[in-house]
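Undergrad: To start, I am sharing the structure in question, which I have written as structure tokens.
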Amino acid sequence: MITAERKPLEEIIACVAPFRKVLLVGCNECVTVCAAGGRKEVGLLASGLHMALLQQGKSVEIREHTLERQCDPEYVEELNSLIDGADAVLSMACGCGVQTIAGRYKDKPVFPAVNTKFMGASERQGVWAERCQGCGNCLLGQTGGICPIARCAKRLMNGPCGGSTKGSCEIDPDTDCAWQLIWDRLKALGLTENYVEMIPAKDWRTSIGNGPRKIIREDLAE
Amino acid sequence: MENFEPVIVAFCCHYCAYTAADMAGTQRLTYPSNVKIIRVPCSCKVDALHLVKAFEKGADGVYVAGCLKGDCHFNNGNDRAASRVAYVKKYLEELGIESERLAMFRMSAGMGFQFAQTAKDMTEKIRELGPSPINVAKAQLKGEAA
Ligand code: SF4
Ligand code: SF4
Numbered sequence: 001m002i003t004a005e006r007k008p009l010e011e012i013i014a015c016v017a018p019f020r021k022v023l024l025v026g027c028n029e030c031v032t033v034c035a036a037g038g039r040k041e042v043g044l045l046a047s048g049l050h051m052a053l054l055q056q057g058k059s060v061e062i063r064e065h066t067l068e069r070q071c072d073p074e075y076v077e078e079l080n081s082l083i084d085g086a087d088a089v090l091s092m093a094c095g096c097g098v099q100t101i102a103g104r105y106k107d108k109p110v111f112p113a114v115n116t117k118f119m120g121a122s123e124r125q126g127v128w129a130e131r132c133q134g135c136g137n138c139l140l141g142q143t144g145g146i147c148p149i150a151r152c153a154k155r156l157m158n159g160p161c162g163g164s165t166k167g168s169c170e171i172d173p174d175t176d177c178a179w180q181l182i183w184d185r186l187k188a189l190g191l192t193e194n195y196v197e198m199i200p201a202k203d204w205r206t207s208i209g210n211g212p213r214k215i216i217r218e219d220l221a222e
Numbered sequence: 223m224e225n226f227e228p229v230i231v232a233f234c235c236h237y238c239a240y241t242a243a244d245m246a247g248t249q250r251l252t253y254p255s256n257v258k259i260i261r262v263p264c265s266c267k268v269d270a271l272h273l274v275k276a277f278e279k280g281a282d283g284v285y286v287a288g289c290l291k292g293d294c295h296f297n298n299g300n301d302r303a304a305s306r307v308a309y310v311k312k313y314l315e316e317l318g319i320e321s322e323r324l325a326m327f328r329m330s331a332g333m334g335f336q337f338a339q340t341a342k343d344m345t346e347k348i349r350e351l352g353p354s355p356i357n358v359a360k361a362q363l364k365g366e367a368a
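Going line by line, the protein sequences match chains G and D.
First residue of the first sequence? That's 1 in our numbering, and the numbers climb one at a time after it.
First residue of the second sequence? That's 223 in our numbering, and the numbers climb one at a time after it.
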């Protein structure tokens, strides 16, 4: 999922304070799962903003609405009946959702209420960790299902650096060394020959190195 | 504000604090009528939204009362409630409400005296803190409008 965290209230207040009517829009997908921008967080933020602004002697009307998926134009259409009544939109979705709204309603200022962080997985209740950087050419088959791009601080492709210590990365003892994890898993799988095989220098053009990427499925595209 | 009577909302778990409130009644122990009790099936039923909304709607103080450590009827609901209260306290500070206005207490069903004492202590504490900044702001706004 895409993970996010709410921005500091002060920063959000600075964005919405100049407006009288704000449409606060959540998303039912990733940001709901990572408890950053779902229906509940929309409620909490609306309530917090009311109270914080009230103390500043300001009153901003906040309308709450949570979409099924904010990065899908189909669902964003749902806002048509609400958008005219708003001077600005405050979005609690990831950056993709914010941009979908900005693209649809060109005359409305849109502000992000969350900082989008990374593509991650849930490690346990309330803990999410980075797992993939969308490099566009997945290596997990060679690396025992552990990503050296998302999980090694130096994105090393062929074994650990000299800083790998007792399973931890040199940047932080609480961060696992990705290459230790890879080695342990390859050993457990009886696939240590994968480790010996050189992974060639990565071609970053499949990643962000070649500019913004797009997927076009001819069979689906209209 | 000399005649300030705080409004305090107490979310009480059915299995402990709510029964303790009953016990306090049976024992003829008095506690301040400022405390408005809301019975919940477990302290962890209380969502962050309930706590924040209580302040928005005019509470000067709020507390959650759950079972003693290790005694939750649903395993660890009381610990979850405690973490949630701690999380909301930080949020309250962020939006300009003193975090002491929100608290978590633990007691068993038999602790009628502790229930009454907690209600008294919390009422006194909030009395000292004065009306919540939200109620002050609302009153100011009303004054200006009048
Ligand atoms: S190798 Fe690339 S696609 Fe595969 S998990 Fe890592 S970053 Fe993601
Ligand atoms: S210690 Fe391991 S994870 Fe950290 S930078 Fe070195 S190889 Fe990468």
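Where is the CB? At the ideal position from N, CA and C, for every residue including glycine.
For clarity, every value in this text was computed on a predicted model and none was experimentally measured.
Quick one, which of G:65, G:32, G:59 has its alpha-carbon nearest residue 23 (chain G)'s?
TA: G:65
Undergrad: Helix, strand or coil: how does DSSP classify residue 50 (chain G) here?
TA: helix
Undergrad: Would residue 192 (chain G) and residue 183 (chain G) qualify as a contact pair, given that the criterion is a beta-carbon distance under 9 Å?
TA: yes
Undergrad: Take residue 351 (chain D) and list the residues in its own chain whose beta-carbon comes closer than 7 Å to its own, dropping the five residues that flank it on each side.
TA: 320, 322, 323
Undergrad: Quick check on residue 92 (chain G) - is its C-beta less than 9 Å from some C-beta in chain D?
TA: It does not; no Cβ of chain D falls within 9 Å.
Undergrad: Please identify, using Cβ separations under 8 Å, the residues of the stretch 307 to 334 of chain D that lie next to chain G, in order along the chain.
TA: If you check each beta-carbon in the stretch 307 to 334 of chain D against every beta-carbon of chain G, the ones closer than 8 Å belong to 313, 316, 317, 318, 319.
Undergrad: Report yes or no: is there a C-beta of chain G within less than 9 Å of the C-beta of residue 269 (chain D)?
TA: yes
Undergrad: Just to confirm, is the Cβ distance from residue 287 (chain D) to residue 252 (chain D) under 9 Å?
TA: Taking 9 Å as the Cβ cut-off, residue 287 (chain D) and residue 252 (chain D) do not qualify as a contacting pair.
Undergrad: For ligand 2, is there a heavy atom less than 8 Å away from the beta-carbon of residue 154 (chain G)?
TA: yes
Undergrad: I need the boundaries of the alpha helix (DSSP H) containing residue 337 (chain D), first residue and last residue.
TA: It spans 334 to 351 - the alpha helix (DSSP H) in which residue 337 (chain D) sits, taken as one unbroken run.
Undergrad: Which parts of the stretch 61 to 145 of chain G are runs of the alpha helix (DSSP H), unbroken and 4 residues or longer, counting only runs that do not cross its ends?
TA: 73 to 76, 80 to 83, 95 to 104
Undergrad: Apply the 10 Å Cβ neighbour rule to residue 112 (chain G) and answer buried if 16 or more other Cβ atoms are within range, or exposed otherwise.
TA: buried
Undergrad: For a contact meaning CB atoms closer than 7 Å, what does residue 275 (chain D) contact in chain B?
TA: Given the protein chain composition of this structure (G and D), no chain B is represented.
Undergrad: Unbroken alpha helix (DSSP H) runs of length 4 or more, entirely within the stretch 235 to 299 of chain D: which are they?
TA: 239 to 248, 270 to 278
Undergrad: Is residue 133 (chain G) near ligand 4, with its Cβ less than 8 Å from a heavy atom?
TA: By its list of ligands, the structure shown excludes ligand 4, since it contains just ligand 1 and ligand 2.
Undergrad: Using the C-alpha atoms, what's the distance from residue 239 (chain D) back to residue 279 (chain D)?
TA: 23 Å
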